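These notes are about the structure you will find just below.
There are 2 protein chains.
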Amino acid sequence: MEPALQLRELASSIRRGDRVALAKGITLVENDSASAPKLLEQMGTPGRAFVVGITGPPGTGKSSLVDRLIEAYRKKGLRVGVIAVDPSSPLTGGALLGDRIRMAGHAGDKGVFIRSMASRGWSGGLSRATSQAIRLMDAAGFDLILLETVGIGQSDIEVVGVSHAVLVVLMPGLGDDIQVSKAGLMEVGDVYVVNKADIEGADLMVVNLLSLFRGTPRSPPVLKASALSGEGIDKLQDAVERIRSPFLAGSPELRLKSIRGMIIETARGAAMKKLAVVSESRAEKLANQVMGGKTTIERAAARLKV
Amino acid sequence: MEPALQLRELASSIRRGDRVALAKGITLVENDSASAPKLLEQMGTPGRAFVVGITGPPGTGKSSLVDRLIEAYRKKGLRVGVIAVDPSSPLTGGALLGDRIRMAGHAGDKGVFIRSMASRGWSGGLSRATSQAIRLMDAAGFDLILLETVGIGQSDIEVVGVSHAVLVVLMPGLGDDIQVSKAGLMEVGDVYVVNKADIEGADLMVVNLLSLFRGTPRSPPVLKASALSGEGIDKLQDAVERIRSPFLAGSPELRLKSIRGMIIETARGAAMKKLAVVSESRAEKLANQVMGGKTTIERAAARLKV
Chain A
1 MEPALQLREL
11 ASSIRRGDRV
21 ALAKGITLVE
31 NDSASAPKLL
41 EQMGTPGRAF
51 VVGITGPPGT
61 GKSSLVDRLI
71 EAYRKKGLRV
81 GVIAVDPSSP
91 LTGGALLGDR
101 IRMAGHAGDK
111 GVFIRSMASR
121 GWSGGLSRAT
131 SQAIRLMDAA
141 GFDLILLETV
151 GIGQSDIEVV
161 GVSHAVLVVL
171 MPGLGDDIQV
181 SKAGLMEVGD
191 VYVVNKADIE
201 GADLMVVNLL
211 SLFRGTPRSP
221 PVLKASALSG
231 EGIDKLQDAV
241 ERIRSPFLAG
251 SPELRLKSIR
261 GMIIETARGA
271 AMKKLAVVSE
281 SRAEKLANQV
291 MGGKTTIERA
301 AARLKV
Chain B
1 MEPALQLREL
11 ASSIRRGDRV
21 ALAKGITLVE
31 NDSASAPKLL
41 EQMGTPGRAF
51 VVGITGPPGT
61 GKSSLVDRLI
71 EAYRKKGLRV
81 GVIAVDPSSP
91 LTGGALLGDR
101 IRMAGHAGDK
111 GVFIRSMASR
121 GWSGGLSRAT
131 SQAIRLMDAA
141 GFDLILLETV
151 GIGQSDIEVV
161 GVSHAVLVVL
171 MPGLGDDIQV
181 SKAGLMEVGD
191 VYVVNKADIE
201 GADLMVVNLL
211 SLFRGTPRSP
221 PVLKASALSG
231 EGIDKLQDAV
241 ERIRSPFLAG
251 SPELRLKSIR
261 GMIIETARGA
271 AMKKLAVVSE
281 SRAEKLANQV
291 MGGKTTIERA
301 AARLKV
């Protein structure tokens with residue numbers, strides 16, 4: 001069969017919601033395959049699915065909270081896709097194992113699709129791939145896409161770019177509110193969740209977070225939840241729904257923001273890839289000049305054009 | 001005082017090995033201050049300090065191993081600088097707290113300087129900053145610089161670029177050897193350490209790693225160690241010394257490799273920053289065109305030139 005024809009068939013299978021085709025498509029974008037851009041071109045304009053980014057420090061229970069949200073939205077009849085960025089996966093195999101464990105809870109439910117994505121070698125690769133996987137899931141007809149990241153800074157910012165709503169997940173005992181504000185996380189969340197609400201200090205943390213927002217132009221909801229007991233999940237869903245309802249009503253604002261983020265991540269990924277390819281031999285020559293004292297690293301870097 | 005004069009004084013204080021000046025300089029590069037490139041220009045050609053990158057999955061005990069290496073190299077009379085990339089720090093304040101706890105073990109020892117660096121908002125920022133912090137520590141007269149990363153893929157590759165030697169730290173029970181080989185970590189290490197050697201499965205893991213290298217052109221040492229008991233640290237140090245001795249003897253090969261890595265990271269950081277600045281308003285227009293079905297995300301990204 002012609003490769004172009006195969007790709008067209010893959011594209012139409014994805015758009016019909018075929019799970020195997022979707023998995024294959026995501027692998028293509030994850031591997032940065034040469035056919036990935038052609039596949040993506042056939043996905044149409046994104047903006048059907050509502051994309052919720054979920055971020056926060058490691059250990060705050062983001063995965064469990066995502067599982068609760070899946071349950072809550074399945075009860076509403078929505079089809080839910082999940083992209084989980086797993087930092088431990090490249091070495092531990094956590095991604096694949098994690099998928100299997102997590103899928104087990106939704107076994108046989110065709111309305112749920114979970115995919116873990118591991119960080120790749122070159123900078124910009126992960127955000128490009130997650131943004132492209134979102135487009136494939138969107139085209140496959142999912143209503144809600146949950147994008148769960150590791151909360152280590154870089155990926156937080158990228159999540160913000162492509163998501164329609166961002167949940168920042170925290171937990172009691174995570175250091176004082178000043179640390180949270182320093183991290184720049186105060187600017188990115190649409191909803192703040194103090195998870196593990198059964199732990200001492202949850203109420204105090206909510207109060208501290210609220211007081212941080214006082215005197216700023218923003219006043220996002222700050223909620224308590226417990227992914228373990230299910231406490232507060234209904235209120236969390238309500239908070240998400242308040243952001244989703246203008247989106248459902250056709251408001252272009254959030255769609256535009258997400259598409260803008262996708263364009264930026266795609267361009268950024270392409271730029272990084274180009275730099276990775278171009279630079280090796282030229283950098284070698286420039287390194288010799290730096291070592292010989294003929295130029296500095298700053299000047300050499302400026303001459304290493306992308 | 002003239003800013004230029006202040007900067008010259010800061011530069012000469014760093015080159016004299018002044019710790020307060022060094023800390024200040026690292027903060028300048030960490031914050032990507034406008035004066036950072038000027039400061040770096042005054043640091044001279046790097047290549048005095050031997051830079052050891054330490055990478056591997058979270059939880060393998062890299063920090064404890066680094067502490068053991070500090071001890072071992074202090075006994076030899078070397079001045080040791082440490083840069084620890086801390087993924088949890090943006091939110092938990094782990095970086096600062098971690099510094100204090102770790103420094104406590106070396107309190108009053110002017111021959112040790114430990115600095116944690118947190119991941120920043122834009123891609124490429126961290127690797128640029130760590131590479132620049134290495135140059136400042138190098139200029140400040142440290143003999144050995146230990147660069148400890150989080151082992152989540154991207155930073156691994158960047159560590160390889162600027163380090164003279166790379167230690168990959170693993171532990172028993174981390175999934176099978178195939179996962180390790182898939183992660184691309186088989187290509188990057190100069191020395192492989194199975195840490196927590198007291199845990200069951202350490203010997204098997206060493207055997208598996210050795211068999212992975214059989215039939216490849218590479219045969220790096222694979223060692224067992226226990227940062228807890230100190231077992232195997234002497235052999236680990238020997239392995240590092242075998243790489244360091246040609247470097248000490250003046251061999252340019254590793255110095256060139258590291259300088260090349262620094263040029264690439266500096267250029268990459270500059271490219272990402274430019275993209276972050278340029279794109280917002282232009283991306284907005286392109287997003288409107290994508291939403292109107294006039295173009296695709298791929299074509300829009302191609303037009304969003306860096």
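Protein chains in written order, with this note's numbering: chain A, 1 to 306; chain B, 1 to 306.
No residue lacks a Cβ here, since even glycine has one placed at the ideal position from N, Cα and C.
Because the structure is a prediction, the values reported are computed rather than measured.
A:F50, DSSP secondary structure in three states: Your numbering for residue 50 of chain A matches position 50 in the first sequence. Reduced to three states, the DSSP call for A:F50 is strand.
Going by beta-carbon coordinates alone, are A:G146 and A:L69 separated by less than 9 Å? Working through the first sequence from its first residue, we reach residue 146 of chain A at position 146. Working through the first sequence from its first residue, we reach residue 69 of chain A at position 69. The residue asked about is misnamed: residue 146 of chain A is Leu in this sequence, not Gly. Yes, the Cβ-Cβ distance between A:L146 and A:L69 is below 9 Å.
CB B:V313 to CB B:I54, shorter than 9 Å? Because chain B here runs from 1 to 306, residue 313 of chain B falls outside it and cannot be looked at.
Using three-state DSSP, classify A:V188 as helix, strand or coil. As a first step, residue 188 of chain A must be located in the first sequence, where it is residue number 188. Reduced to three states, the DSSP call for A:V188 is coil.
What would DSSP say about B:L228, mapped onto helix, strand or coil? Your numbering for residue 228 of chain B matches position 228 in the second sequence. The answer is coil: DSSP assigns B:L228 none of H, G, I, E or B.
Proximity test, Cβ basis, 9 Å: A:S163 and chain B: One-based indexing of the first sequence puts residue 163 of chain A at position 163. No - not a single Cβ of chain B is within 9 Å of the one on A:S163.
Since A:V36 is in the alpha helix (DSSP H), which residue starts that stretch and which ends it? In the first sequence, residue 36 of chain A corresponds to position 36, counting from 1. Before going on, a small fix: residue 36 of chain A reads as Ala here, not Val. Per DSSP, the unbroken alpha helix (DSSP H) holding A:A36 starts and ends at A36 to E41.
Cβ contact check for the region 226-234 of chain A and the region 18-30 of chain A: 3 or more pairs under 8 Å: Taking 8 Å as the limit for Cβ pairs, the verdict is that the region 18-30 of chain A does not touch the region 226-234 of chain A.
State yes or no: is the beta carbon of B:A271 nearer than 9 Å to at least one beta carbon in chain A? On the second sequence, position 271 is the one that residue 271 of chain B refers to. At least one chain A Cβ lies under 9 Å of B:A271.
Let me see if you follow: with CB-CB separation under 9 Å, is A:G293 close to chain B or not? What you label residue 293 of chain A is simply residue 293 of the first sequence in a count that begins at 1. Yes, because at least one Cβ of chain B sits closer than 9 Å to the Cβ of A:G293.
Per-residue contacts from B:I199 into chain A (C-beta, under 7 Å): Looking up residue 199 of chain B in the second sequence gives position 199. Going along chain A, no residue has its Cβ under 7 Å from B:I199, so there is no contact; the nearest lies around 15 Å.
B:K257 CB to nearest chain A CB: under 9 Å? Residue numbering aside, residue 257 of chain B sits at position 257 when the second sequence is read from its first letter. Interface residue, yes.
Mind pulling the chain B residues with CB within less than 9 Å of A:P220? To locate residue 220 of chain A, count along the first sequence from 1; it is residue 220. Going along chain B, no residue has its Cβ under 9 Å from A:P220, so there is no contact; the nearest lies around 16 Å.
In or out: B:R79 buried (at least 16 other Cβ within 10 Å) or exposed? In the second sequence, counting from the first residue as 1, residue 79 of chain B sits at position 79. Classification for B:R79: buried.
Within 9 Å (strictly less), CB to CB, does B:G81 reach chain A? Counting from 1 along the second sequence, the entry for residue 81 of chain B is found at position 81. No, its Cβ sits nowhere closer than 9 Å to a Cβ of chain A.
Would you grab the beta carbon distance between A:I26 and A:R115 for me? Rounded to a whole angstrom, and I think it's under 8 Å. Position 26 of the first sequence, counted from the first residue, corresponds to residue 26 of chain A. Position 115 of the first sequence, counted from the first residue, corresponds to residue 115 of chain A. The Cβ separation is near 6 Å, so the contact holds.
Test item: CB-CB of B:P172 and B:L204 under 9 Å: Within the second sequence, residue 172 of chain B is the residue found at index 172, counting from 1. Within the second sequence, residue 204 of chain B is the residue found at index 204, counting from 1. Cβ distance < 9 Å, so B:P172 and B:L204 count as in contact.
Buried or exposed for B:S123, going by 16 or more other Cβ atoms inside 10 Å? As a position in the second sequence, residue 123 of chain B is number 123, starting the count at 1. Per-residue confidence for B:S123 stands at a pLDDT of 49, beneath the threshold of 50, marking its modelled position as unreliable; no derived number is given.
Return helix, strand or coil for A:T307, following the three-state DSSP convention. The structure shown has nothing for residue 307 of chain A, since chain A only spans 1 to 306.
Opening and closing residue of the beta strand (DSSP E) in which A:E241 lies: Stepping through the first sequence from its first residue, residue 241 of chain A is reached at position 241. From DSSP, A:E241 is part of no beta strand (DSSP E) but of the alpha helix (DSSP H) over I233 to L248.
Selection of the region 209-241 of chain B by Cβ proximity to chain A, strictly under 9 Å: none
Could you tell me if A:D198 is buried or exposed, where buried requires 16 or more neighbouring beta carbons within 10 angstroms of its beta carbon? Taking the first residue of the first sequence as position 1, residue 198 of chain A is located at position 198. Result: exposed.
Whose Cβ in chain A lies nearer than 8 Å to the Cβ of B:N288? Taking the first residue of the second sequence as position 1, residue 288 of chain B is located at position 288. The answer, in chain order, is L256.
Does B:R268 pass the burial test, meaning 16 or more other C-beta atoms within 10 Å, or should it be called exposed? Translated into the one-based positions of the second sequence, residue 268 of chain B becomes position 268. By the 10 Å Cβ count, B:R268 comes out buried.
How is the beta strand (DSSP E) around A:G304 delimited, first residue to last? Here residue 304 of chain A corresponds to residue number 304 of the first sequence, with the count starting at 1. Per the sequence shown, residue 304 of chain A should be read as Leu rather than Gly. Unbroken run through A:L304: none, as it is neither H nor E.
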